[in-house]
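Before any comments, here is the structure.
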Amino acid sequence: MKGSKNKRIKRTLDFYRQLYDLTEPYRVLVDGSFAYAALKHRIHVKDKITELLGGTTHTYVTNCILNELRDMGEEMSGASLSLKRYQRLNCTHGSSDKGANSRRCITSAVSSGNSQKLFVATQDQSLIGWLRKSGDVPIVKLNNNVMFLEHPAKSSKEYKEFVEKGKLLPKDWEKPYLPVLSDASYAPVKRKKKKTKNPNPLSCLKPKRKAAKPQQTSKPTIADASTEHQEPRKRKRRRKGKSGAESSEAGGETSVDS
1 MKGSKNKRIK RTLDFYRQLY DLTEPYRVLV DGSFAYAALK HRIHVKDKIT ELLGGTTHTY
61 VTNCILNELR DMGEEMSGAS LSLKRYQRLN CTHGSSDKGA NSRRCITSAV SSGNSQKLFV
121 ATQDQSLIGW LRKSGDVPIV KLNNNVMFLE HPAKSSKEYK EFVEKGKLLP KDWEKPYLPV
181 LSDASYAPVK RKKKKTKNPN PLSCLKPKRK AAKPQQTSKP TIADASTEHQ EPRKRKRRRK
241 GKSGAESSEA GGETSVDS
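Written as structure tokens, this is what we have:
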């Protein structure tokens, strides 16, 4: 759990560092509601904030915050004493202003894009709502005795997307070197909707049955071919010689004469 929490805090700090250039040393403005809740749960604010952010931190308070705690009576005296140890942030509200108001003082300190690069540690829900809408101020809160850094607000994420899209476009000094590209070329192109087409008539035909392949006959061998073309042998009969026949005829004649 601790490892995942540290990763989440690191991602949040990277977000504010890239978008609003919030770097070390981190400047944290603490109000009376946060100091009172920390005192109630026995939390040392400066040490815990340094541990939470994982870097060098400076804690600040304004005169308006201290004056408001003093006006709230004895109950807030402990919180007032703990905040007096912090560095003083210049406050534009003078003694002529009616009533000390820490909320008004904090909103004026972080207005105009949070130029002082401040974190705000508070438990005031109305102030937290205003800071979320502004989107450029990291918020540190307490959940009972657990200190945590809020996720970036939705407005901050939308602003980051806007900034990233702006980085992709050419700068003003680059546009004269790109005469082909006009402002109209950056307009989104409307794509024509494809009309539904009829199916291919050839694809609707029933599949033809494949004709049965003729059985392959075995090829005749060389021996078979030789036997087919070989003619049957003819027997040659020997004929008797004429001399033998004549002698037999002559012998017969002699026997008759005798």
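First residue of the sequence shown: 1, per the UniProt record's numbering; consecutive thereafter.
Each residue gets a CB set at the ideal place from its N, CA and C atoms; glycine is no exception.
For residue i, I'd like the list of residues in its chain whose CB is within less than 8 Å of its CB, leaving aside the five on either flank, ordered along the chain.
i: LEU52; result: ILE9, VAL140, MET147, PHE148 and LEU149
i: GLN87; result: HIS58, THR59, TYR60 and VAL61
i: ARG238; result: none
Only counting the same chain, and skipping five residues up and downstream in sequence, which positions put a Cβ closer than 6 Å to that of residue i?
i: LEU118; result: ARG27, LEU29 and VAL110
i: THR12; result: LEU149
i: THR50; result: THR57
i: ASP124; result: SER33
i: LYS46; result: THR59
i: ALA37; result: GLN123 and LEU142
i: LEU35; result: The identity of residue 35 in the sequence shown is Ala, whereas the question assumes Leu. Here the set comprises ALA79, SER82 and LEU83.
Label residue i either buried or exposed according to how many other C-beta atoms from any shown protein chain fall within 10 Å of its C-beta, with 16 as the threshold for buried.
i: LEU81; result: exposed
i: ASP172; result: exposed
i: ASP21; result: exposed
i: CYS105; result: buried
i: ASP31; result: buried
i: TYR177; result: exposed
i: residue 305; result: No answer is possible for residue 305: it lies beyond the span of the chain, which begins at 1 and ends at 258.
i: ASP71; result: exposed
i: ASN6; result: exposed
i: residue 261; result: With the chain represented from 1 up to 258, any question about residue 261 goes unanswered, as that position is not in the structure.
i: LEU89; result: buried
Does the distance from the C-beta atom of residue i to that of residue j stay below 8 Å?
i: GLU24; j: GLY55; result: yes
i: residue 259; j: ASN143; result: This structure does not reach residue 259, given that the chain is present from 1 up to 258, and the question cannot be answered.
i: LEU83; j: ILE65; result: yes
i: LEU69; j: ARG103; result: no
i: CYS91; j: ASN114; result: no
i: GLY135; j: ALA153; result: yes
How many whole angstroms separate the CB atoms of residue i and residue j, which I take to be in contact at a CB cut-off of 8 Å?
i: SER33; j: THR122; result: 6 Å
i: PRO138; j: TYR16; result: 5 Å
Excluding sequence positions up to five away, which residues of its chain have a Cβ less than 7 Å from the Cβ of residue i?
i: SER247; result: Unreliable positioning characterises SER247 in this predicted model, as indicated by a pLDDT of 49, which lies under 50. The coordinate reading is nonetheless provided below. Correct list: empty, nothing qualifies.
i: LEU131; result: VAL120, VAL137 and ILE139
i: GLY78; result: LEU39
i: LYS48; result: MET147
Return yes when the C-beta of residue i is under 7 Å from any heavy atom of the ligand SAH, and no when it is not.
i: LYS175; result: The model on display carries no ligand, and the ligand SAH is accordingly not part of it.
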